[in-house]
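Remarks on the structure that follows.
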Amino acid sequence: MLSGMDVVTRFAPSPTGYLHMGHAFSACKGWAKARAAGGKFRLRLEDIDATRCKPEYADAIVEDLRWLGLGWDGEVRVQSAHLAEYTAALNRFEDRGLLYPCFCSRSDITQAQAAPHGGEVVYPGTCKTLSTAERAARIAEGRKYARRLDVNQALRAVIHGPGPLRFFEESTGWVEAVPQRLGDVVLARSDVPSSYHLCVVHDDALQGVTHVTRGEDLLAATHLHVLLQKLLGLPSPVYTHHKLLMNANGKRLAKRDGAPTLRAMRLAGEDAVSILKQLTESTA
Ligand code: GLU
């Protein structure tokens, strides 16, 4: 059994923009849980996508969290400084023959898809059936490729007994994982030797995270993450997928819809103490 002191939570934003109240709410959930238990709260910057992430947003995350009083324990983990570790993890999938190269562009995938699943693009498996010779020919032509997980094969590699693959959702209990919902996901992009899914699983274990608190928009990803954890022999944290903060029109907060950033609130002289109080009292 974990004692309260062993609880480790985290906030893992991607520095692709300034934080708004939705991010602060998520950070606050993890922070409050760790503080209530006398445990640790970790901060991680998920910045492997060099085309979308910017150093000024990373700096602003650190400043905004400090301003709000959401202090973290230990060093900030910056994913872009650890790409070799993710490559090593990726190679473990490769060595087991669980990956295949995918040469499709985003528009190839969207066009090939007959029925979108809940707005998410699920890969239709176009490159899975390429022969070894076809793959070699495309690679020889210099075509760029991502590496996808063959999810069915991966499942066969981990399910050995009658028990289902599952994860523990703190408020409701065990949930059977259905990683096929996301299809054959990309574990390494053509331009980045990794992906969100691989890095998040690797780093939650590395940082000793026992409780993952994140928005319900990432629930589908958790179905895959427990599979990756099993394949890498990593422990599964307890999960809480919290509700997302909504704007007055019932839409989730988003920068593109003008959600005020924490930075703007700070510069406008808003009071951090009352914002934090509002966040800790909000149930969304
Ligand atoms: N980096 C992800 C994001 O900003 C969150 C990852 C997570 O909490 O697992 O959406």
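No gaps in the numbering here: position 42 of the sequence shown is 41 in numbering that gives the first Met the number 0, and each next residue is one more. For glycine and all other residues, C-beta sits at the position ideal for the given N, C-alpha and C. As the structure is a computational prediction, the values presented were derived from the model and not from experiment.
Uninterrupted alpha helix (DSSP H) stretches at least 4 residues long and entirely within the stretch 204-231 occur at 218-231, given in chain order.
These are the residues, in chain order, with a beta carbon less than 6 angstroms from any non-hydrogen atom of the ligand GLU: A11, P12, S13, E45, V199, R213 and L217.
Rounded to whole angstroms, the Cβ separation of P236 and V208 is 5 angstroms, and the two are in contact under 8 angstroms. Ranked by Cα distance from M245, the first of L230, D216, H201 and A220 is D216. A direct Cα-Cα distance of roughly 20 angstroms separates C27 from T15.
Rounded to whole angstroms, the gap between the alpha carbons of Y144 and V184 is 13 angstroms. For G172 and T128, the gap between their C-alpha atoms comes out near 38 angstroms. For the pair L44 and V75, the CB atoms are nearer than the 8 angstroms cut-off.
By the 16-neighbour rule on beta-carbons within 10 angstroms, K32 is buried. Counting only the Cα atoms, R180 lies some 24 angstroms from P192. Along the stretch 6-67, the beta strand (DSSP E) occurs as fully enclosed runs of 3 or more residues at 7-10 and 39-44, listed in sequence order.
It is roughly 11 angstroms from the alpha-carbon of M20 to the alpha-carbon of L67. In this structure, A176 lies near V225, with their beta-carbon atoms less than 8 angstroms apart. Counting along the chain, F102 sits inside no alpha helix (DSSP H), nor does DSSP assign it H or E at all. If the five residues before and after T125 are omitted, its C-beta is found closer than 8 angstroms to the C-beta atoms of C101, C103, D107, I108 and A111, all from its own chain and listed in chain order. For E84 against H196, the beta-carbon gap comes to about 15 angstroms, at or over 8 angstroms, which does not count as contact. Per DSSP, the beta-bridge partners of H240 are R213. For Y17, same chain residues with a beta-carbon under 8 angstroms away, outside a window of 5 residues either side, are Y56, A59, D63, K254, T260, L261, R262 and A263 in chain order.
Collapsing the DSSP output to three states places L186 in a strand.
Per DSSP, the unbroken beta strand (DSSP E) holding R165 starts and ends at R165 to E168. Between G38 and D5, the C-beta spacing is below 8 angstroms. The three-state reading of DSSP puts A132 in helix, counting H, G and I together. With at least 16 other beta carbons inside 10 angstroms of its own, S25 counts as buried.
Residue range G172 to E175 is occupied by the beta strand (DSSP E) that includes V174. A check of alpha carbon separations from R155 across G141, V174, P178 and A219 identifies P178 as the nearest.
A residue is called buried when at least 16 other Cβ atoms come within 10 angstroms of its Cβ; S194 meets this threshold and is buried.
DSSP lists R251 as the beta-bridge partner residues of M245. Under DSSP, L148 forms a beta bridge with L98.
Distance from the CA atom of T131 to the CA atom of L266, rounded to whole angstroms, is 58 angstroms.
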